[in-house]
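**Student:**
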Amino acid sequence: MRGNNALLTRANPLSKLAAVVLITVVLALSIDWVSATVALAFEVLLFPLAGLTLTLLWQRGWPLILAAAVGGWSTSILAPDSGRTLVDVGIWTMSEGSLETGLGFMLRGLAIALPAVLLMSCTDPTDLADALAQKARLPHRFVLGTLAAMRLVGLLAEEWQTIGMARRARGVGSRGSVLQRVKATLGQSFGLLVQAIRRASRLAVTMEARGFGGGTRTWARASTYSVLDAWVLAGGLLMAGLAVVAAVSAGTWNMVWLGS
Amino acid sequence: MEAPNHHGAAGAVRPAAVTARGWGWRHAGRAKPAVHALDLDILPGERVLLLGPSGAGKSTLLHALAGVLGDVNDDGEAGDSDESGSLLVDGGSPRGQRGRAGLMQQDPETQVVLSRVGDDVAFGAENLAVPRDAIWTRVHEALADVGLSHLPLDHPTSALSGGQKQRLALAGILAMRPGLILLDEPTANLDPAGVLEVRDAVARCLDKTGATLVVVEHRVSVWKDLVDRIVVLQPGSAADPAVLLDGPPDRVLDEARTMLAAAGVWVPGYVPATRPRAGDARPGAGDLLLAAEKTAVSRERPRRSGFRKIPPVPVQEDITAQVRAGQALAITGPNGAGKSTFALTLAGLLEPVTGKISATTNLSRGAGIDPFRWKAEQLIERIGTVFQEPEHQFVTGRVRDELLFGPRHLGHGEDRVDELLERLRLTPLVDANPYTLSGGEKRRLSVATVLAASPQVLVLDEPTFGQDANTWAELASFLSELLDSGTAVVSVTHDAEFTAALGGTELKLAAAEKVAR
């Protein structure tokens, strides 16, 4: 996020969130490749506006991308066959029909996951917290508490490594049989948990000593809406709408919830 | 809008008065009170250094004055604590006066709340419902007062050094315009440069605002010239008053020098006596055990990009050093120079980025040349490492089990445990939970647990950080004994007196360039 000066970083996090929810809800309604492809195409076009590149996308979202690919692959093998058979290896068969379902599944997974990655890459957590507390009127105690805790999560990765080394220095091997490794990891997790709780209670004291938790507070950063936010919402609406229209007119629209 | 004033916005500060009458506090789940029958008056604008042995309730008093005592204890438990007598700030309960006092604690990491410098300073003022425009005026002024005005407001707080983080915390406190500034060992985790940075920032801010100061710190020389009064507390008991001594710094230090030194306080000009080295402390004596050749070190692991392995950027390069039996090696240098990273690499816990760490046959005894490849059991009876934070190394729930852990894994050496417990004064604590010990006890325990495996090389990371003079002297004497018995001792330290007490060679690492200043 830091150093990102793309256009969408200036939009209010809430309007971005609303647009993302809109798109994902619409895509969750139907399993078909047309609506997913249309949405995906738009999402990729939005990359520069969010300051995202393919490399960054892979770095931040590779688990989602892999999950979508694996999901698509297994669906195309396991879905009921229809049409011409393309691959037949014993119990595994892939037909035109099942490949289409699998492809639809994969594209849909990507199309649903990408907006979240886009949102995160152009939204600062602090700005999101400001918007949630000031605009969405969520309780500030909860929002700011979560925000402060998230900063500690970053420290935990470092702490995990240190505890791992500290335990090796005590003779707790993290190499060896599977059982030994599982035991070592459990012990290390416990150590991390203890440290996390201590840190968290010290941070709580710090926050309280700075007057946190009182009734009213002011906000140094105003969370505001601008014309850009209208565009963001309109864009979200347009993407969701075009995806539905394209799928319906191509005849692939298929409401999952209504059964078949 | 706020009323204009000509001394800058900080001129609005009204110094606070503190009054304690028979005040006592018992933490939830503890049998003994942390503070008992405290009578104390602090006038507005006074600057007080609070001294006393550990367990005298100094931190408890500071937390109470900050109005944050009693909700949760350090283990995150809420519970049934006990308060007696009265403790008032400006005649009222501290809890009802948010923002009247500002508290800074020891661990710089938990003094930062938000991820951008400007937001973090603004946090306290926001909570006090200061109008938006006034907040930013205060933020700029507070940052200037602590000497951080060169940082952009969106500078990430994670990129600050320990000393900078503490100064940032001070700025966050100043932005609340408190009449009472409370510092709980604010410099215990900092290197000497960081200590002065923070102390000078505090001095500037006090001169400007006139706020009342109460600071708790072991190192008297750092704060002596800044305070105008020293109050010495003693551990609570029904018979004795909580305040042992009270008066101007020079008088208190004159009268109570011996007593304070005996209680482990670092009085100025006092270096505790330690056991002198008896063995051959000349560099080059003793068998070579471990050597680093042109080593580059980093805490990060190599990254994978496709099929290529990208090595991390080292924090320090070209380090050559030798570890010899019965010899001390002190690794010194400024913060961020990679001292700890190098020590951990030397200890077989991190893989060197380039160059190599090799154990001679005197040390490896058939385990192979590269300590990083040794199994954990092979490692602990050859190289023992004591981490800066003792809690990182606790693996059981009882002091005795903690010591037996290594020998049990190795299948020998359990007979040594009682002697170590005795030697490091842990015998009365054998059944205690390691996490409940005091700072000094935790330090002694962490040294004992590692030594229970009888390593030939002992590596210590900042062993004297935040320790009182008694633990310090005990540790230095014990290590000198260990050296004479042929163990090699490698210590990462900022502590020149400690280095001098152990003798041996010093490896000075230069500041790394990538560290932000």
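If you read the sequences in order, they're chains D and Z.
Residue 1095 in the working numbering sits at position 113 of the first sequence, with consecutive numbering throughout.
Residue 1529 in the working numbering sits at position 188 of the second sequence, with consecutive numbering throughout.
From the three backbone atoms N, C-alpha and C, an ideal C-beta is built for every residue, glycine too.
Source: prediction; values computed, not measured.
Output, in chain order, the set of chain Z residues within a Cβ distance shorter than 8 angstroms of residue 1145(D).
**Tutor:** Here residue 1145(D) corresponds to residue number 163 of the first sequence, with the count starting at 1. Under the 8 angstroms cutoff, chain Z gives 1733.
**Student:** Taking its Cβ as the centre, do 16 or more other Cβ atoms sit within 10 Å of residue 1775(Z), making it buried, or is it exposed?
**Tutor:** Mapped onto the second sequence, residue 1775(Z) falls at position 434. Buried.
**Student:** If you measure beta-carbon to beta-carbon, which residues of the region 1620-1642 of chain Z are closer than 8 angstroms to chain D?
**Tutor:** Answer in chain order: 1640.
**Student:** Quick one: is residue 1237(D) buried, meaning 16 or more other Cβ sit within 10 Å of its Cβ, or exposed?
**Tutor:** Walking along the first sequence from the start, residue 1237(D) turns up at place 255. Burial call: exposed.
**Student:** Provide the residue span of the alpha helix (DSSP H) that contains residue 1189(D), from first to last.
**Tutor:** Indexing the first sequence from 1 puts residue 1189(D) at position 207. First-last of the alpha helix (DSSP H) with residue 1189(D): 1160-1191.
**Student:** Grab the span of the alpha helix (DSSP H) containing residue 1562(Z) for me, first residue to last.
**Tutor:** Residue 1562(Z) sits at position 221 when you count from the first residue of the second sequence. Its alpha helix (DSSP H) spans residues 1561-1564.
**Student:** Compare the C-beta of residue 1409(Z) with all C-beta atoms of chain D and state if any pair is closer than 8 angstroms.
**Tutor:** For the purposes of this step, residue 1409(Z) is taken as the residue at position 68 of the second sequence. True, the Cβ-Cβ gap to chain D drops below 8 angstroms.
**Student:** For the alpha helix (DSSP H) containing residue 1377(Z), name the first residue and the last one.
**Tutor:** Along the second sequence, read from residue 1 onward, the residue named residue 1377(Z) stands at position 36. Careful: residue 1377(Z) lies outside any alpha helix (DSSP H), inside the beta strand (DSSP E) at 1376-1383.
**Student:** Span of the beta strand (DSSP E) holding residue 1594(Z)?
**Tutor:** As a first step, residue 1594(Z) must be located in the second sequence, where it is residue number 253. Per DSSP, residue 1594(Z) belongs to no beta strand (DSSP E); it is in the alpha helix (DSSP H), 1590-1603.
**Student:** Report the rounded CA-to-CA distance for residue 1222(D) versus residue 1052(D), giving the unit in angstroms.
**Tutor:** Counting from 1 along the first sequence, the entry for residue 1222(D) is found at position 240. Counting from 1 along the first sequence, the entry for residue 1052(D) is found at position 70. When rounded, the distance between both Cα atoms is 25 angstroms.
**Student:** What residues of chain D sit near residue 1790(Z), judged by a beta carbon separation below 9 angstroms?
**Tutor:** Numbered from its first residue, the second sequence carries residue 1790(Z) at position 449. The answer, in chain order, is 1152.
**Student:** Taking the beta carbon of residue 995(D) as the centre, do at least 16 other beta carbons fall within 10 Å, making it buried, or is it exposed?
**Tutor:** In the first sequence, the residue the question calls residue 995(D) occupies position 13. Label assigned to residue 995(D): buried.
**Student:** Using 10 angstroms around the beta-carbon of residue 1857(Z), count the other beta-carbons present and answer buried if the total reaches 16, otherwise exposed.
**Tutor:** Residue 1857(Z) sits at position 516 when you count from the first residue of the second sequence. Model confidence at residue 1857(Z) stands at a pLDDT of 34, short of 50, so the residue's coordinates are unreliable; what they give is reported in the following sentence. Per the 10 Å Cβ criterion, exposed.
**Student:** Determine which residues share a DSSP beta bridge with residue 1607(Z) and list them.
**Tutor:** Taking the second sequence and counting its residues from 1, one reaches residue 1607(Z) at position 266. DSSP lists 1560(Z) as partners of residue 1607(Z).
**Student:** Which residues in the same chain as residue 1652(Z) place their Cβ atom closer than 7 angstroms to its Cβ, once the five residues preceding and following it in sequence are excluded?
**Tutor:** Within the second sequence, numbered from 1, the residue matching residue 1652(Z) stands at position 311. For residue 1652(Z), where only same-chain residues beyond five positions count, the Cβ hits under 7 angstroms are 1643 and 1694.
**Student:** Using a threshold of 8 angstroms, state whether the C-beta atoms of residue 1525(Z) and residue 1428(Z) are closer than that.
**Tutor:** One-based indexing of the second sequence puts residue 1525(Z) at position 184. One-based indexing of the second sequence puts residue 1428(Z) at position 87. In this structure, residue 1428(Z) does not lie closer than 8 angstroms to residue 1525(Z) by Cβ.
**Student:** Indicate the three-state DSSP secondary structure (helix, strand or coil) for residue 1479(Z) in the structure shown.
**Tutor:** Position 138 of the second sequence, counting from 1, holds the residue named residue 1479(Z). Helix, per DSSP.
**Student:** Listed from N- to C-terminal order along the chain, which residues in the region 1451-1465 of chain Z have their beta-carbon within a distance smaller than 7 angstroms of any beta-carbon of chain D?
**Tutor:** Within the region 1451-1465 of chain Z, the residues whose Cβ lies closer than 7 angstroms to some Cβ of chain D are 1451, 1452, 1454, 1455, 1456, 1457, 1460, 1463, 1464 and 1465, listed in chain order.
**Student:** Residues of chain D with CB closer than 7 angstroms to the CB of residue 1439(Z), please, in chain order.
**Tutor:** The residue given as residue 1439(Z) occupies position 98 in the second sequence. Simply 1193 and 1196.
**Student:** Does the Cβ-Cβ distance between residue 1145(D) and residue 1733(Z) come in under 8 angstroms?
**Tutor:** Along the first sequence, one-based indexing puts residue 1145(D) at 163. Along the second sequence, one-based indexing puts residue 1733(Z) at 392. A contact, by the Cβ cut-off of 8 angstroms.
**Student:** Just the Cα atoms here: how many angstroms apart are residue 1013(D) and residue 1083(D)?
**Tutor:** Position 31 of the first sequence, counting from 1, holds the residue named residue 1013(D). Position 101 of the first sequence, counting from 1, holds the residue named residue 1083(D). In a straight line, the C-alpha of residue 1013(D) is about 8 angstroms away from that of residue 1083(D).
**Student:** Please classify residue 1753(Z): is it buried, with 16 or more other beta-carbons within 10 angstroms of its beta-carbon, or exposed?
**Tutor:** Here the question's residue 1753(Z) lines up with position 412 in the second sequence. Result: exposed.
**Student:** Quick one: is the Cβ of residue 1690(Z) within less than 7 angstroms of any heavy atom of the ligand NAD?
**Tutor:** In the structure on display, the ligand NAD does not appear, and there are no ligands present to speak of.
**Student:** Would you call residue 1418(Z) buried or exposed, if buried means 16 or more other Cβ atoms sit within 10 Å of its Cβ?
**Tutor:** On the second sequence, position 77 is the one that residue 1418(Z) refers to. Only weak support exists for where residue 1418(Z) lies, its pLDDT of 49 falling under 50; the value from the coordinates is given anyway. With fewer than 16 Cβ atoms within 10 Å of its Cβ, residue 1418(Z) is classed as exposed.
**Student:** For the putative contact between residue 1712(Z) and residue 1698(Z), defined by C-beta atoms under 8 angstroms, what is the C-beta separation to the nearest angstrom?
**Tutor:** Within the second sequence, numbered from 1, the residue matching residue 1712(Z) stands at position 371. Within the second sequence, numbered from 1, the residue matching residue 1698(Z) stands at position 357. Their Cβ separation, rounded to whole angstroms, is 6 angstroms, which keeps residue 1712(Z) and residue 1698(Z) in contact under 8 angstroms.
**Student:** Take residue 1230(D) as the anchor and find which of 1169(D), 1015(D) and 999(D) has the nearest alpha-carbon.
**Tutor:** Locating residue 1230(D) in the first sequence gives position 248, where the first residue counts as 1. Out of 1169(D), 1015(D) and 999(D), 1015(D) has the C-alpha closest to the C-alpha of residue 1230(D).
**Student:** With contact counted as at least three CB pairs below 8 angstroms, one residue from each stretch, are the region 1665-1679 of chain Z and the region 1580-1599 of chain Z in contact?
**Tutor:** The region 1665-1679 of chain Z, when compared against the region 1580-1599 of chain Z, does not touch it at the 8 angstroms Cβ threshold.
**Student:** Buried or exposed, going by whether 16 or more other CB atoms sit within 10 Å of the CB of residue 1245(D)?
**Tutor:** Lying before the first or after the last residue shown, residue 1245(D) is absent from chain D, which here runs from 983 to 1242.
**Student:** May I ask you to list the residues that DSSP assigns as paired with residue 1077(D)?
**Tutor:** One-based indexing of the first sequence puts residue 1077(D) at position 95. Partner(s): 1067(D).
**Student:** With DSSP run on the structure shown, which of helix, strand or coil describes residue 1438(Z)?
**Tutor:** Sequence index remark: in the second sequence, residue 1438(Z) carries index 97 (1-based). Residue 1438(Z): coil per DSSP, three-state reduction.
**Student:** Check residue 1084(D) in the structure and name its three-state DSSP category.
**Tutor:** Your numbering for residue 1084(D) matches position 102 in the first sequence. Correct three-state label for residue 1084(D): helix.
**Student:** So with CB distances below 7 angstroms, who are the chain Z contacts of residue 1188(D)?
**Tutor:** The residue you call residue 1188(D) lines up with position 206 of the first sequence. Ordered by position in chain Z, the residues that pass the 7 angstroms Cβ test against residue 1188(D) are 1446, 1451, 1452 and 1454.
**Student:** Rounded to the nearest angstrom, how far is the Cβ of residue 1554(Z) from that of residue 1398(Z), given a contact under 8 angstroms?
**Tutor:** Along the second sequence, read from residue 1 onward, the residue named residue 1554(Z) stands at position 213. Along the second sequence, read from residue 1 onward, the residue named residue 1398(Z) stands at position 57. Their Cβ separation, rounded to whole angstroms, is 19 angstroms, which puts residue 1554(Z) and residue 1398(Z) out of contact at 8 angstroms.
**Student:** Counting only C-beta atoms, is residue 1806(Z) closer than 8 angstroms to chain D at any point?
**Tutor:** Translated into the one-based positions of the second sequence, residue 1806(Z) becomes position 465. Chain D, which has no Cβ nearer than 8 angstroms to the Cβ of residue 1806(Z), makes this no.
**Student:** From residue 1470(Z) to residue 1542(Z), what does the alpha carbon distance come to, in whole angstroms?
**Tutor:** Locating residue 1470(Z) in the second sequence gives position 129, counting from the first residue. Locating residue 1542(Z) in the second sequence gives position 201, counting from the first residue. The alpha-carbon atoms of residue 1470(Z) and residue 1542(Z) are separated by roughly 26 angstroms.
**Student:** Give the DSSP bridge partners of residue 1651(Z), in chain order.
**Tutor:** Position 310 of the second sequence holds residue 1651(Z). Note: residue 1651(Z) sits in a beta bridge opposite 1644(Z).
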